Structure formats: structure tokens, C-alpha cells
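**Q** The structure is given below, and queries will be raised subsequently.
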């Protein structure tokens, strides 16, 4: 813009005068005019002329070069840069290892830099203050990204330097102590790649000093701290953390070499002890306790015993410490909060897994001496065999037995409780543990404790029997000090059971003004004036039967005693200060000099005459609200308008109530009075009785009018609630029907109490959580519902219906309700089962139902058989429940499942099968010797009386067999059993005889067969020996023949495949004739008679009386055709 090629540097040339035109200018460097750069706007700035900037322009080239200065080492030194012919050192604010690599390569060190040096000091001359950003691969620094060039004296006069790498060079780390009065003490300096530099004291501790002394061959370190004589060379190390076991500082955890954020005023010094080297030798012991297993812990490190800071003390660390003390089961809890006002302690970062045998084996990063944060020391409670927690509470340092600081006992150790999340419900539990009826007050303890802090973030519902049952972050875990110890004042047993909140005005000049005091469970206390205003005062005055408050502020006369309320933020329409948003009862951070006061008044004559009208609509019951005060009509601003305000206006107009409180009427009005910030409780007769901003108010944010729709039927519509589009029946977006129109609820100011009321309307006894959900559609009925959690319906809450036009459906509320817990029960032992009944015992549930809804138990009985057991063993619902109808004995399907009883959820036992009726269900006797299951589920009901069922639980059993009635029956049964036994014995005897007969027959058959075989063998052997019959040659013989089948007797026993093929044989023998006959032998045919066997013809008869030789008999095989002819 000035005709030069470029800017040389930016520089300040002193302050100017006149207008400052530009500030926050940011240019890329390519713009043609400064007007094209980004800036804060012409004439807009937040600076003065001491910040005026200048520039040096040039037409030359930068000609950037580098050199090393003020060093005895060729490879390491502070660097200087030439820019436009001017040599200057470089500020180290942006200096990095990547930048050093480029510089070293410019010096011909091809391996780059060992590290970048920050901290060279100079007390004279300025330096280049520029941001150089190199990737580390560039060959010259002018090829890096350079943001701008300027001149500066640098922060703390720190300059940049480099240590370049030579071929084969090693770090060669060493330490030395300089400027000490003796050789074993002085400022610590460390050598790295030949360069000596100092060490910064950030995180520096005695464990680091031990490593230094070991490197110098001393025994150990005696002391360490900040050096009294700082140096001006480079700072090489920062954030060093050793555990004392290392051989060199190089092995300790630290920042990178040359990287730091400190100056030479933080250089460290060390004093070493002469002698042979010693080791940490860590050990532990318990002190300041009357218990052998619990107390404050002390650790020995390099022979020095000190307590241990509790900042990083955990359960895992405590487990290791207890094992070192001989308690093999580890720790019950780590104790934090032991206090000491004298002496220092070990502060270290111990990180144990919990399984180590010694703290030496944990990751302990560094050790140093400290007085600890808030002087809190660590302790342990170790576990011994058979020991239990044995939780108890007590009140100490109070003026009376029923008040004082809360202390709790856990495994024999007493400790205090921190006040984070502490409230009156927690205090109620404490008081009941001490046999008081309830708590009157709770807050910070007046006298703080000094022992361990055992509990923090305690949250009780108020129904628990012990603090042990309340939620907390873990025994011994906390993030507080004893200044946060809690105190409690308990009520006597005879006191009332409700808060009984009331107010009074004290020390005022008249009875209608004074200091506000509030009664809570019989205890009077003051109110702090933080956020105190007319809306709060209006509620107080209404409680005292005044019409309004005319003044609110700090009381003129301060009070004494407890301060029971702080941060009160009433809307002005609450019935009692009890219902206003506020801190928890007894919580405050103020003094009595901040006590709140009020002045109350009755309505003026003008306010009593206030009237209302509706304009801007065609119907009489709907329109914009205007109020006449002292003859002037004024609109009502919609800034806090809701249905309760609308009710008051509608009643003033003669209607019973309002259907809608309408917001957002747009009517142009620029000047004049408004009635704004109207807050009615809904019960007022006139709108002038409601809290508002005053009659002279002229402000209305948004300039939007309030309107109403009055109910012309004189009947208020009933409210219904449902959950839409949820993943389960008990979750989803809340929808409410009002006046036959369904709408949603805005989540703004819908707290957990309102959500609980909605869940009860839906038949669920509790709330899991409320959450954001996808948007709905239609009307948005509510956005500021205020309930105390005890109402049966949201219509009983302190804010009613209205159209929340300032809310969008993106803020629709959704809830997840908690179903009734599944009943837990068991059979009353084996003696609880008979042949027709079984006794079940119900276990007490932890879920609180409250008095707003009832819970009953529905009991179903199912008779089962073996086949059904095998097929449906996993079934947890009987058909009587699955059918979703009330199945009785008369309507049960095949009588296998029926509902036997419906009893109150507070019942402790029930006899199944007693033959009685329970809410119209017949509890039928069971059958003896049968398998059964008894199912129980809890039933709650919605406001429409629709049942909601819990999950189902069951028990299985077998009834006993029926016992014998009398002796006669017993004798009859005995005779019948004897007869059955005789029949069985006789049957067995007959079977044995049959088996013997079969065996004897088989034996005879085999004997005959054996005899026949032996006879055949004998005959065959006789023929072979020549025993022949006498032969008569002259006797004629008559041949006889007959076809025979070949199989022998043995063939009958053969398998068909083993039998030989049948053959036809002709038997020829010579029959002897009388000697007188000379006739020749002629063969004859003989046909067998019908009575004869075809195998034994009649011709064979009588041969047994004749003598013959086997040679007279021949066997001749015949073919089938021959056999047919022969036949």
C-alpha cells in the first residue's frame, strides 16, 4: 500500500495520538488493502495508544541465515538468525525439536538435532519474536512457515538454542552439584550430549534426589529444594518423577529433553549423605489408633518414617498395605481425612493393582515431602477373619444428646460424613438409627471433626433403616475436608411426624414487619437474604393472613440460632414457603447479618375494587384479559401467566374455573401501565390479591398479552395420563388428556416429584428416570408442574392446567416408570407341605409403595405332570396369568392353572389349599402326591383402575401322599398286600415247574438221539470186521424196490441250506424161498396199500425174522425218469 515490496518487521515506535481506528487485525499477506483484512470494525477497539504498532518496510530480500553464538561446543549453542542483514537471537516461545532439526542440517549435521534448547538467558538486547513452524524435513529455515517477524525482549529474556547430533555420538548423561559449600551439595546440573543444563523443580522430590546422589556414589539424599544460586544456561529437564529405584535420571519419567515451562528461579539443589549406597526399603505401620487392624498409615522410605498424603490413596493401595501388615484378606476400606497440623508427609503417586505383596512393586512414580492438601493423611481399615461392618452412628460435640456432628462406625472405625448431597432425608435415617422419630434440622456441623472421613455423596430416600442402605460413592471415598462435616438435630419421639412449617416476624417496629423466622419440625430459624425479594415476601405474608408484601430486604435486627433456609426463590403463588425452590433445609453459606425481613399489608380500597374483562374475541368466555385499577384499564403481561392466574380471572367473571391460560396474544401497545409478573395460587378471589410487579409497572418482556378460556359448563374435566411411543409399557413420552384433548408436557421445571405422581397415575409405584424424547404433536398443556411427590394425581399439584405456548415439542418430557417389584417368597420348610396344603412366606420388599396407591399379591396354582415338566420347564407364567383374565377354578382350562387368592401386599404368609375365599377367588385344596407350582405377582392399578402387573416368581413342590385313616383300613390293606404276595409267589413257582419240564423233555430227546447214533456206529463197525450172515447161493431171491429219500434223522435238525439234495435209490434184496421150491426167482412188483407208508411197503414185513447178509442188499441210484418207470 506504501509502494514497498514487503514489510521488514513490525515494531513499536511509541504511543501516538488521536483516533484509534483498527483493532484485532488479521491479514493473510496477499490482500491489496488493510481494509480487506479481517478486523473488529472501524473505530471499534479495546486498547489505548500504548499498544500502537509500527512497521519497517523494505524492497530487499530477507536473505535468512543462522549461526551459533556464545558456546565452547561446536555442536551446541544459542542460535542467532540473520534477517534483512540484521543478526539477532530468537525468542524460545515457539521453538521446537522440528525447528532444531532444520537448523542443524543448515550447519551440516545430517542427523539433525538431539534436542531443542529453551532457556538461554540474556539481559541485553532484543531478539526476533517470530513463530517458525517447521516439519523437520526442510533444508533451510526460510522454507518453513513463518508467521511474522517482530522484535521483542522475549518473556523472561529466554532465547532458543540447539544441540546437534554428530556421527556416533551418545547422550552420556551425567550429573554434578555446583556452587555448594561442600562437594556433596549444590545446584543440580545434568549433562546431555555434552551440554550442561539445570533441572526445574516442578514435581521434584526426595526420590529424584536419591537417584542423583546414587549417580554421584553417595549413600542417599538428605535434602532437596530450590537452588539459592540460579544459573543462566539452558534448562534441560522439567517435570522429573523418579521412584528412587532408578540408576539414572535418564530412566525417570519426565518431559522431553530441553522442554520446560519454568525459569532459572526454579533450579533445584540437592544435599547428599556420605556413605555406602542404601535402597528405599519401603515398609508400613499403623499409628494413632486403638485398633490393631485400623489407623493412620506411616511409610518408611530410605529409612525415614512419615505419614502418607491421601490425595491418591485408593482401595487397591490399601489392599497392598494391609497385606504388608499381615492381613491376607486385604482392606475393608481406605481411610482418607486423618488430619495433622504438624510435620510433613510423603506425597507420591502410588498406583497399585491391588494384588501386589508390597508397595515397592506398585507403580510409585515419585516421592517428595509435603504438608498435604488440607493436612489430610491416609489410613486403612484391614479385614480380619469373621469381622463384619457393624455400622452404627452417633452425635458428638452437641449441646444436647439429640444434636451434634454425625459420626458413623464402619468395621470398628469411627469417622465423619461429608455434606455433599446431604439433606433432611439422610438426617431422618440417622435419627431413626438413634431411636429418634425423625430429624428436625441438618446442616454443617458447628464443631468439625479430626478423624477419618468415611462417607460422601450420601443419598437416602428417607425410608432406609441404616445409612449402609443409602447410596454413596464408597466407604472411605470422598473429595472434601472436615469443614464440610454434617450435623443433625433429632426430634423426640413425642413430636409431630410432619414438618409443620410456619413463619413469624420478629423484632419489628410493628406486628406486620420484622425479621422472618421459619419453623421446621418444631425448630425455629432465620432465612438468608440471598435472592430474597417481594415474591418470597408475598408468600410469607400470605402465610400470616396478610394480603401482600410491600417490602422485602435485610432485617434491621439480626437473629441468632440456626439458619434454616437460603437461596429461596418463590414465584409468589405458593401456599407456603415450604414449596418454594430453595437450597436444602439447613444448607446455607451466609451469616446472621444476612437475615431476611419483610413488611406485610392488607389490600387497599382501590385494590379491593379491581375488576376484570375479556376483549378481542367473539365469545364471552374467551379473550384478552384487562384489569381495571383506580379507573384505568390495563392489560396483563403473559410473562408468568398460567392456568392458576386464569382461574382467578374466570371466577371474577362469574365462571367456576378456567380451561386455559392463554399466552402470546399479539396486540401492539407501546406505552402505558401493565399488570406484569402475575403469580396466583388459584384460590384468590381477586387478581389484586396475587403477587405482581406493582400497579405502576410499565414493563412487559415481549409486549405479549395474557388471555383466558373460561369453563362454561361449570364442570372441570378429568385428567388422564398415558405414555406414548416407548420401548416398553412403562416408558415413553408423557401425554395428558384435558378437556377431551390430548397434549404433552414441557420438561422445563418438571422435577422428579412430578414424575413420580405421573407414574402413580399410570399404576407404577416408582420412577427410574425422566429423559428427553422425540417430539410429539398437538397441545402442550403443562410446563411448570410443582408437586411434592405425595399427590395421587397431577390435578392435586400446586400448578394446574394451561397452554404452555412458550415451550416447543422438542422439549416434551418422557419418563421411565418403575414397576412393582416381583414378590419374593419361599415355602415354610418341609413341614409347611401337607397332602392338601402348603404354607408360603413372603419376604419384605425394599420398594416403597407409599400411601397413595395400594399393592396386592395375586397367587396362581398350577398342577403339573412329568411330561409337562419336561416340555415347559422354563415357563414362568401360568396360563391363568398369560390369558390376561382372572381364571378361577370354575373357568380354568382343563383345571391345570387357576388363581387361588388375591391378598394385600403387606401380608407375611398364605396357606395354599385352605379352602377359603380371598377376594372372590377360591383357594381349593391340593391333591395328595401331585406336583405343583405356585406363582405370585404384584398388582397395582392406574387411576382408571386398570391393573398393572409385576414380573412373576414361583416355587415348585410335591404334596405328601395321603395318610392311612384307621386300624381297620390298615388291616384290610395288610390282608390285601398278603394275598398279592401269595399270588406272586405261586406264579413264580409255576413258572419254575414249566421251565423244569421243558428242560427234562429236551434232555430225553438228546439222550435218545445219542443212543441211536451209537447204535449206528456199532453196526457199521461190525460190517467192517467181516461179521456176515450165512449166504445161500441156491436160494432164489426176489428183488423188491422202492424209491426212498436219502435224508437221515439228523437232517431234521439241519438248516435248509445245509441239507444235501434228495436222491432216488432202489433197494434190492434177495428174499429166501423154501428149499423144496425149485422155481426160479422172478422179480415181482408190489403196490403199497393206502394204509402203508410209501417208504415201507408190505414186502418188507417179516424180514426181521429172517437171516440175511448185507451183501444181499444193494442200493442203486435212479434217475428221475427211471424212478417214474419203476414206480
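In our numbering, the protein residues as written are 95 to 1221.
Think of the CB as a built atom: it goes at the ideal place given N, C-alpha and C, for glycine as much as any other residue.
Quick caveat, the model's predicted, so the values are computed rather than measured.
1. Please classify residue 535 as buried or exposed, where buried requires at least 16 other C-beta atoms within 10 Å of its C-beta.
2. Is residue 487 helix, strand or coil by DSSP?
3. For residue 657, count neighbouring C-beta atoms within 10 Å of its own C-beta (all shown protein chains included) and say buried if the count is 16 or more, exposed if not.
4. Roughly how many angstroms separate the alpha carbons of residue 903 and residue 1015, rounded to a whole number?
5. Restricting to Cα atoms, I'd like to know which of 505, 274, 949, 932 is closest to residue 955.
6. Inspect the CB distances between the region 120-138 and the region 149-158 and report whether three or more fall short of 8 Å.
7. So with Cβ pairs under 8 Å, would you call residue 820 a contact of chain D?
8. Can you tell me whether residue 97 is buried or exposed, with buried defined as 16 or more other CB within 10 angstroms of its CB?
9. Between residue 577 and the rest of its own chain, which residues show a CB-CB distance below 7 Å, the 5 nearest in sequence each way excluded?
10. Please look up how many angstroms separate the CB atoms of residue 594 and residue 616, rounded, as I've assumed it's under 8 Å.
11. So residue 692 and residue 635 are supposed to be a Cβ contact under 8 Å. How far apart are they, rounded?
12. Spatial neighbours of residue 474 within its chain, please: CB distance less than 7 Å, with the 5 preceding and 5 following residues excluded, ordered by chain position.
13. For residue 113, which residues in the same chain have their Cβ closer than 8 Å to its Cβ, ignoring the five residues on either side in sequence?
14. Are the CB atoms of residue 421 and residue 546 within a distance shorter than 8 Å?
15. Quick check: what's the CA-CA separation for residue 517 versus residue 867?
16. Between which two residues does the beta strand (DSSP E) holding residue 957 run?
17. Which partner residues of residue 866 appear in the DSSP bridge assignment?
18. Would residue 633 be called buried (16 or more neighbouring beta carbons within 10 Å of its own) or exposed?
19. Please state the DSSP three-state secondary structure of residue 102.
20. Would you be able to state if there are at least three C-beta pairs under 8 Å between the region 812-830 and the region 989-1008?
21. Give me the residue from 618, 129, 360, 871 with the minimum Cα distance to residue 334.
22. Check for me: the beta strand (DSSP E) holding residue 850 runs from which residue to which?
23. Between which two residues does the beta strand (DSSP E) carrying residue 564 extend?
24. Determine whether the beta carbon atoms of residue 1046 and residue 949 lie at a separation below 8 Å.
25. Inspect the beta-carbon positions of residue 269 and residue 309 and report whether they are closer than 8 Å.
26. CA-CA distance, residue 455 and residue 486?
27. Could you name the residues of the same chain whose beta carbon sits closer than 6 Å to that of residue 669, not counting the 5 residues immediately before and after it, in chain order?
28. State the DSSP-derived secondary structure class of residue 1166, mapped to helix, strand or coil.
29. For my contact list, residue 994 and residue 1018 are in at a C-beta cut-off of 8 Å; report their separation, rounded to the angstrom.
30. Among 122, 602, 648, whose alpha-carbon lies nearest the alpha-carbon of residue 621?
31. From the DSSP secondary-structure annotation, give me the bridge partner or partners of residue 508.
32. Straight-line CA distance for residue 741 to residue 799?
33. Please list, in chain order, all residues of the same chain as residue 715 whose beta carbon is under 6 Å from its beta carbon, the five residues on each side excluded.
34. Do residue 289 and residue 328 count as a contact pair if the criterion is CB distance below 8 Å?
35. Could you tell me which residues DSSP pairs with residue 361 in its beta bridges?
36. So, residue 253 versus residue 185, is the Cβ gap smaller than 8 Å?
**A** The relevant details are as follows:
1. buried
2. strand
3. Sixteen is the threshold: when 16 or more other Cβ atoms of the shown chains lie within 10 Å of the Cβ of residue 657, as they do, the residue is buried.
4. 47 Å
5. 932
6. no
7. This model lacks chain D altogether; it includes just one protein chain.
8. Exposed, since its Cβ has fewer than 16 Cβ neighbours within 10 Å.
9. 542
10. 7 Å
11. 6 Å
12. 388, 391, 412, 415, 416, 425, 428, 429
13. 137
14. no
15. Straight-line Cα distance between these residues: approximately 31 Å.
16. 950-958
17. According to the DSSP secondary-structure assignment, residue 866 is paired through a beta bridge with 907.
18. buried
19. strand
20. no
21. Residue 360 is the option with its Cα nearest to residue 334.
22. From DSSP, residue 850 is part of no beta strand (DSSP E) but of the alpha helix (DSSP H) over 846-855.
23. Unbroken run through residue 564: none, as it is neither H nor E.
24. no
25. yes
26. Straight-line Cα distance between these residues: approximately 36 Å.
27. 775
28. The predicted model places residue 1166 with a pLDDT of 49, which falls under 50 and marks its position as unreliable, so this point remains unresolved.
29. 7 Å
30. 648
31. 503
32. 16 Å
33. Hits under 6 Å: 804, 806.
34. By the CB criterion at 8 Å, residue 328 and residue 289 fall inside the cutoff.
35. 294
36. yes
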